[in-house]
Amino acid sequence: HYPVYNRQRQVIVSSVTNLDIHDIARAALTYGVSRFYMVTPLEDQLQLVQRLLAHWRQGHGAERNPERKKALELVIPAASLAEVV
478 HYPVYNRQRQ VIVSSVTNLD IHDIARAALT YGVSRFYMVT PLEDQLQLVQ
528 RLLAHWRQGH GAERNPERKK ALELVIPAAS LAEVV
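Numbering (the working numbering), first residue to last: 478 to 562.
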């Protein structure tokens, strides 16, 4: 969620939420996207994304919901757009 503009057209970082990650991952899987990047320069937000992904990829969540696991395997966390391109 970086870089994004606020109402004053200033570049800001928006919060990453559990719902964002799940919804974007499911849409990506539905429409055949091979991967997508969740970009945030905030270390605590990256840790949140990594923890959530670990739960749904390797943890109890992976066993409980294999379809969600498949969708969340498309997510690649990154600290900057430079890492992505």
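Where a beta carbon is used, it is the ideal one built from N, C-alpha and C, also for glycine.
Note that this is a predicted model, so its numbers are computed, not measured.
Return helix, strand or coil for residue 543, following the three-state DSSP convention. helix
Helix, strand or coil at residue 552 [DSSP, three-state]: strand
Residue 480: buried (16+ other C-beta within 10 angstroms of its C-beta) or exposed? Answer is exposed; the Cβ neighbour count stays below 16.
Where residue 508 and residue 558 are concerned, what is the direct C-alpha to C-alpha distance, given to the nearest angstrom? 23 Å
Assign residue 549 to one of two classes, buried (16 or more other C-beta atoms within 10 Å of its C-beta) or exposed (fewer than that). buried
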